[in-house]
Structures are given as structure tokens and as C-alpha cells.
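Enquirer: Residue numbers 14 to 630, in this note's numbering, belong to the letters of the sequence shown in order.
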Amino acid sequence: MTNIHCINPQCDTLNPVSEMYCSNCQTPVIKRYLRVLGDFSPFPQNKALGGGRFSPHQGKIVLDTQPHLTPPAPSDLSDDIVSYLKLFSYRLHTPQVYAGIEEEGQVIWLLEYEGIMLDENTGKPIYEELFCSFLEIWSKASPFTQVNLLWQMIHLWHPLSKQQMLSSLLDINNLAVSGNFVKLIELKSDQDFLFNLGNLASLWHTLLPKINPILKEIINKIILSLEQGLLTKPEQVISIFDQIIHIISNNNYIHKYEIIATTNAGKKREKNEDACYPQPDIIKESGAGINSLTIVCDGLGGQKGGEIASRLAIDTLEQELNKAYEKKLKETLHNQNWTPLIDKRKIVMALSKANNRIAKINNANNSKERDRMGTTVVLTMAIDHEIYLAHVGDSRIYLISNSSGCHQVTVDDDLASREVRLGYSLYREAIATPQTGALIQALGTDYASRIRPHIKRLIMNEDCIFLLCSDGLSDYERVEQYWQKEMLPILRGDITLEEGLQSLLNLALEKNGHDNITIALVRCGVTPVKDAPPIKNLTWEYLTSIIPNLPQPSKKSLSISANLIHHQYFWLALLIITILGLGALRYRQGRPSPSNNQSSLSYSEESQTLFRNSNFL
């Protein structure tokens, strides 16, 4: 029986993996299942790694039995490991490097994932490989989910391309699903291969046999357009998927949002510099996302400065995004086409205005550096089947669902996260370093042109809850430790949203309490329409009428599976290289001259280029 150390520094009791709470102090037993990167496996020797710390579970999966300790981290990080760090902002989909340990003269890297679902009775992963395979989910997914999965894949194109890791996305066996989120099992380097969207089309072509019949014609058109070079940018594909998702959602689902927020000074602060919207402790219901704005701000600056900054931010954002924009939201819901990117621009503009109002006061008072007041901000704004997430600072947004567990969907604007994103440090190592919790940006502390808000858009196709909070709750990983106990009862209907909010506040006061506490909950309900009529507009012809310059590909498919393409071109390239090599050899033997060396070099370069290009298609 594997035992795990309690994370409570005053306890350190050993608990069986099957236990949810420490037998001595009732702190949640933290179970971090990790995957060994690469070919190394602790099996069949059943060998614990890291001096016995990382216990083998099965296959390449190990369990950290000492989660209270900072994981080991080598000082030298290879380029491939740095790529994981630079993709830290995409950890909803990509793993992060948890530790590097010396074993048998080599460094063994362990990968950490969010959203691993555990069996409540055994404490072990529900899925042997941590997640369900992509193909298994795909074959039984609804049309809404299938398009959402493709939508997520195309969103990963740019960040993976920047790190030369597109191979990670193009290998179907490297894809998994947690709830409704695409997961990359590990990163795979592109080496010298240059990929384009035609490669992604080849992968999608292999999914057509199991695609829902109502999607087959329209997805095939997208595949053909990618293969024929008629769609060359991910943004073009995203705009098409946006319309498809809108059509399906509008016909088949009803979205409803319930919102409640609260704020408290905490046990040690006389004043509360936090603020929230909507008004505390009043539940608000929002059909289709109209009037769904939710905000949490954590003011900073002292001497009432933080209180002023957080209130200014709330007032400005409410005016810009709720009052002035409500009419536009209603129009969007009733438009023939769907234009979600407008909302992203509006959010950035609203945050800039809030920033400038605070900065103006700072400048008028000639406030410098630490004397400048400011505020963190996290906000959500739902519009039918979509929800926008925005943040500046270190307040957080978590997403909790029955099928995918708990995900932190924001990345803190602090020194620790910056060290990770720059590729300098593993995350667990960075947060254990003193002073790395210091903020690197907040609203009002600098000119708007120097503030970089983070905006994210997600598709809602299952019941879930978004938890927005200041660090009065999130400090010391309280959400990660207690989400099952505090959040799942809300999703299951065992307690009301109001009761869940109060329970979270009590948790923060009991376990933290050192700072102001502000919490908001946004419950998203997705209900299938009973006896929904057949979808009439899910055709390429209809999309042509609402999307300008939609390509019209020829009917002939150029696609075969990516693996088959690579296999065929490998042997073709090898054959050409052999022929050219033999020809060059015979030429050299028959007519020795200085020019022969030049010809041989020319052939060699050409054949190598062809060989590399054999995997471009």
C-alpha cells in the first residue's frame, strides 16, 4: 500500500492513497500522479524514483509520495524542456515539467497535468493513462463536442508552431481529452520538418469515419480547403468553426448563468481593499449571458489607495461592458452570423480605460513606484455558448466540472510565472523561491500601453462553475486542495450556490484569513433542447452566405492519413536519394574532373531538401 505524506507542515502524517483526508489533521491528502517523459519507465522493475519519493503506479505513471517537499530541479534545462515552460500559459492543454531527477546517469523528467480525475474510493486515476484517448472520446461525442475539440486544436497551432512543437498536435496517439478539453500527452519536437495546415487537414481526414453525420459534409469542405491552400491561416478556420458552433448551440442547447459574489476584510485587516461585481451576496440569473459580467478586484497601495483603485476599476468596467454594451450583446445573439472577436476588443478597451482612470489619479498625486495605487482584476463575461475570461495581476479564475475536475485557467502576473514563461525555472521551483510572488503588473500602476491584459475565450458545452477569487482564498493552493469538497456538491445539486459561496468564504477565513477575501461564482448550465428540430443551416452553402470570401474547394480529396503520407514519402525520398547517389558515383567514376565534385554537392543538397520536405505535406 502506497502512503503519502500530509502537506500540513505541522503534521507530516503518512496516509494511504485511498484516504481523502489526513487521519491526524483532516487536511486533504494531495495525490499528484505524474508521467515519466520519454522512453524511461520504472517498470517492470517496479522501481521507485528519486530515492523512493516517486512511487510507480503503472506504465510510465508515478505518484509523488512527498508532495509537501519542493520537487528536485536540475540547473541545466534542455531546449525541449524550455519549450514546456514557454507554453506555461497553455497548461489547460499542455503538461508542465514537475521535476527532474537523476537516475542511472541520466535526468528523468516528470510531467504534471491538470484535470486528472481520481476514483473517490481508491484515490487512483480513473483512466490508466491519466486521460481518455482522443479517439475514444471522438467516436461517441456529440456534434457540439466534436467541433469544440477541433476548435481547440486549431487554437493551439500558433503557440506550438512558435516552439516548433506542431508534431505534438499532429500525432493522434499523443492527444487525449479531459472532460471537454484537448490534452497533449507530451511535446514532440518538429526537428527539421516544416508543417502547414495541410498536415492538420490530413489528421482531421482520419477522423471523418467517426464524425457525426450532420458534420461530415461541412468538415470535409474545411479539410479540402486546407489541403488545396484556400485556407492558410488558423484565424480563417476559427471563424468558420465559430459559425458552426453558433448554429449547433442555437438549435440544440439552452445556456443559463447564475452569478453570486462576496467580499470580506479577513481576520487580520481592518479595511477591505477588495471589490466585486455584482453587489455582494445577491444572486443574479442571466439567460443567454446577457448581463453576465462578473468581476473580482484586489486593490493595492495602502492608505485607502487600494480601496479607491478597486472601486474605480469595478465602476469603469461595469459601465463599459455592462451598460454601454448590453444592447450590442442582444444584437449579437439575434444576428445571423456570430462575431465573437468584437467582444475581445471591447474587453481590452474597457480594461485600458479603467487603467487610465486609476493612473490619472496617481499622476495627479505625483505618486511613485510603491506609492502608486492599483488593483488586480479578473472578470468573466458570457455570451450564449461562449465565455470570455480576462485578468491582470494575480487574482485567479478556476474552472470546475464533474468531467474534467479543477483547472486554473489564468496565469499569475508575478515573478514566479514570468520566470517559467521565460524558460528559466520549473514552476514548482519558482514558487518555492522567496519574493517570487511579487506582481509584475496591475491596473493603474503604469500607462495602459504597457499593461498586457490576458484574454481567453472558451466554449461552454457542459455544466460547470467558474470560481473567481483574490489571493485571500487562492493562497497556499487552498482551491486545489478543497475543490472536491467545496465545489462538487454545488454541481451535484447537494447545496445551493449561496451555500457553496459561504462555505468557500469560511474555508478562506479558517485556512488563510491573513488578507482580504473576495470570491465570485459563475455557474454555467447547459441544457439540451427537448425534441430539437433538425439543423437546417449546417451546410457550406449557408456558410457562404454569411462568411465573406468563404473558399469553394474542388470535390476531389487530396487527403490520406498523415502516417501514410509520411510513410510513402519517406520511401520515395529514400529511393530518389539512392538513385541520385548511384548516379553521382557513376558520373564521378566515369569522368573525374573538378566539376564532378560540384555536381555531387548540388545533388546532395537537393536530395536532403527533398527528404526534409517529404514531411511538409
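From the three backbone atoms N, C-alpha and C, an ideal C-beta is built for every residue, glycine too. Please read all numbers here as calculations on a predicted model, not as lab measurements.
1) Check D488 in the structure and name its three-state DSSP category.
2) Roughly how many whole angstroms lie between the Cα atoms of P541 and N265?
3) So the candidates are M33, V42 and P29; which of them puts its Cα closest to the Cα of C19?
4) I think Q241 touches P566, with their Cβ atoms under 8 Å apart; what is that distance to the nearest whole Å?
5) Using alpha carbons as the reference points, say which of L210, T83 and N59 lies closest to P447.
6) Which of the three DSSP states, helix, strand or coil, is assigned to L551?
7) Using the three-state DSSP reduction, which class does Y437 fall into: helix, strand or coil?
8) Rounded to whole angstroms, what is the Cα-Cα separation between I453 and F479?
9) Specify the secondary structure class of G418 as computed by DSSP and reduced to three states.
10) Who pairs with D311 in a beta bridge, going by DSSP?
11) The alpha helix (DSSP H) with E149 in it runs from where to where?
12) Using CA coordinates, which residue listed in F194, S155 and R441 is at the minimum distance from I227?
13) Could you tell me whether the segment 517 to 536 touches the segment 482 to 494, using the rule of 3 or more Cβ pairs below 8 Å?
14) Using DSSP with H/G/I as helix, E/B as strand and the rest coil, what is A443?
15) Cα separation between N193 and Q119?
16) Using only the alpha-carbon positions, how far apart do D287 and G318 sit?
17) Do you know offhand how far L510's Cα is from K269's?
18) If you draw a straight line from the C-alpha of Q515 to the C-alpha of D311, how long is it?
19) Using three-state DSSP, classify A274 as helix, strand or coil.
20) Tell me the rounded alpha-carbon separation between P222 and E230.
21) Look up M394 in the DSSP assignment and give the residues it is bridged to.
22) Go through the segment 187 to 229 residue by residue and report every complete run of the alpha helix (DSSP H) that reaches 4 residues or more, in order.
23) Could you tell me which residues DSSP pairs with N335 in its beta bridges?
24) With a threshold of 7 Å on Cβ separation, who are the neighbours of D77 within its own chain once the five nearest residues in sequence on each side are excluded?
25) Residues in its own chain within less than 8 Å of S152 by CB, not counting five upstream and five downstream?
26) Could you check what DSSP says for P159 in three-state terms: helix, strand or coil?
27) DSSP three-state call for K431: helix, strand or coil?
28) When you compare the segment 462 to 471 with the segment 112 to 127, are there three or more beta-carbon pairs, one atom per stretch, that lie closer than 8 Å?
29) Would you check if the distance between the CB atom of I308 and the CB atom of E331 is smaller than 9 Å?
30) Would you give the residue range spanned by the alpha helix (DSSP H) that H171 belongs to?
31) Since I believe L518 is in contact with Q256 (beta carbons under 8 Å), could you give me their beta-carbon distance rounded to a whole number of angstroms?
32) Going straight from the alpha carbon of S96 to that of N378, what length do you get?
33) Which partner residues of E115 appear in the DSSP bridge assignment?
34) How many angstroms separate the CA atom of A61 from the CA atom of S202?
35) On the DSSP letters alone, give me the boundaries of the alpha helix (DSSP H) that N28 sits inside.
36) Reducing DSSP to helix, strand and coil, say where K469 ends up.
Expert: Judging by the given coordinates:
1) helix
2) 6 Å
3) V42
4) 5 Å
5) T83
6) coil
7) coil
8) 25 Å
9) strand
10) D287 and T389
11) F147 to K153
12) S155
13) yes
14) helix
15) 36 Å
16) 11 Å
17) 14 Å
18) 19 Å
19) strand
20) 12 Å
21) Y401
22) 210 to 220
23) Answer by DSSP bridge pairing: none, since N335 is not bridged.
24) R45, L47, R66 and F67
25) K223
26) Position check: residue 159 holds Gln in this sequence, whereas Pro was assumed. It is helical.
27) Note on residue identity: the sequence assigns Arg, not Lys, to residue 431. The answer is helix: DSSP assigns R431 an H, G or I state.
28) no
29) yes
30) W170 to K175
31) With 8 Å as the limit, Q256 and L518 do not qualify as a contact, their Cβ atoms being about 41 Å apart.
32) 44 Å
33) V120
34) 28 Å
35) Taken as a continuous stretch (DSSP letters only), N28 belongs to no alpha helix (DSSP H), being part of the beta strand (DSSP E) at L27 to P29.
36) strand
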